[in-house]
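Worksheet for the structure shown next.
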Amino acid sequence: MSKKNTLYIIYNFKSLDAKEARAAYNIILMYTEDGEVSAKNYPDIFSEGVLSFSTKEELLAVGKKALGSKNFSHVYLLSTDDFNVGIETCHDLSAFKEIFKRYGQLVAGDPEDPDSNIFSRFF
20 MSKKNTLYII
30 YNFKSLDAKE
40 ARAAYNIILM
50 YTEDGEVSAK
60 NYPDIFSEGV
70 LSFSTKEELL
80 AVGKKALGSK
90 NFSHVYLLST
100 DDFNVGIETC
110 HDLSAFKEIF
120 KRYGQLVAGD
130 PEDPDSNIFS
140 RFF
């Protein structure tokens with residue numbers, strides 16, 4: 020797999036306990052331009068196949084880890100709620116990818132990593 024692939028992650032947010040403000044962010048689907056991917060294929064990113072996280076920051080950290088693995092050039096996170104809103108307007112593959120750009124969150128790379136810096140994309 021080359022660095023040029025984009026990883027699209029669809030996650031579900033679930034409130035576990037309102038009194039204690041506990042929640043879970045569960046990854047329900049991941050795919051690239053090549054199709055659906057499994058956490059088992061990326062043990063360096065998803066340690067022990069864990070796809071459930073207590074905070075959004077933990078989920079973002081997985082996205083940053085995916086960028087750092089050099090397997091992916093971009094990582095998008097999209098909640099199931101936003102996915103459902105956007106999917107109604109899809110008519111083709113480009114419109115489907117646009118859902119992630121419009122409603123999703125692009126995970127930013129490490130500013131200290133020269134490969135993630137904006138100038139490295141142009142020069």
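Position in the sequence shown (from 1) plus 19 gives the number in the working numbering.
Note that CB positions come from ideal geometry on N, CA and C, so glycine has one too.
Since the model is a prediction, treat every value here as computed from it, not as a measurement.
What residue range is occupied by the uninterrupted alpha helix (DSSP H) comprising Ser-113? Taking the sequence shown and counting its residues from 1, one reaches residue 113 at position 94. That run of the alpha helix (DSSP H) goes 112-122.
Please classify Asn-60: does DSSP put it in a helix, a strand, or coil? Here residue 60 is taken as the residue at index 41 of the sequence shown, counted from 1. Helix at Asn-60.
If I measure Cβ to Cβ from Phe-108 and keep anything under 7 angstroms in the same chain, skipping five residues before and after, which residues do I get? Counted from its first residue, the sequence shown places residue 108 at position 89. The identity of residue 108 in the sequence shown is Thr, whereas the question assumes Phe. These residues qualify, in order along the chain: Ala-114.
DSSP state of Asn-90, grouped into three classes? Indexing the sequence shown from 1 puts residue 90 at position 71. Here Asn-90 sits in coil by DSSP.
On the DSSP bridge assignment, give the partners of Ser-71 in chain order. To locate residue 71, count along the sequence shown from 1; it is residue 52. The partner list for Ser-71 (beta bridge, DSSP) reads Asn-45.
In whole angstroms, what separates the C-alpha of Tyr-61 from that of Ala-80? In the sequence shown, residue 61 corresponds to position 42, counting from 1. In the sequence shown, residue 80 corresponds to position 61, counting from 1. Using only the alpha carbons, I get a separation of about 15 angstroms.
I'd like the list of long-range same chain contacts for Glu-52, defined as Cβ closer than 8 angstroms, with 5 residues on each side in sequence excluded. As a working mapping, residue 52 is identified with position 33 in the sequence shown. Closer than 8 angstroms at Cβ, skipping near neighbours: Asn-24, Thr-25.
With 16 other Cβ atoms within 10 Å as the buried cut-off, status of Val-126: Counting from one through the sequence shown, the residue named residue 126 turns up at place 107. Buried, because 16 or more other Cβ atoms sit within 10 Å of the Cβ of Val-126.
Applying the criterion that 16 or more other CB atoms from any shown protein chain within 10 Å of the CB defines a buried residue, is Val-56 buried or exposed? Here the question's residue 56 lines up with position 37 in the sequence shown. Buried: at least 16 other Cβ atoms inside 10 Å.
For Arg-121, the nearest candidate out of Ala-42, Glu-67, Tyr-95 (CA to CA): Along the sequence shown, read from residue 1 onward, the residue named residue 121 stands at position 102. Of the candidates Ala-42, Glu-67, Tyr-95, the one whose C-alpha sits nearest the C-alpha of Arg-121 is Tyr-95.
Return yes when the Cβ of Leu-97 is within less than 8 angstroms of the Cβ of Ile-29, no when it is not. In the sequence shown, the residue the question calls residue 29 occupies position 10. In the sequence shown, the residue the question calls residue 97 occupies position 78. Yes, Cβ-Cβ distance for Ile-29 and Leu-97 is below 8 angstroms.
Between the beta-carbon of Ala-42 and the beta-carbon of Ser-92, is there less than 8 angstroms? To locate residue 42, count along the sequence shown from 1; it is residue 23. To locate residue 92, count along the sequence shown from 1; it is residue 73. Against a cut-off of 8 angstroms, the Cβ pair of Ser-92 and Ala-42 comes out as no contact.
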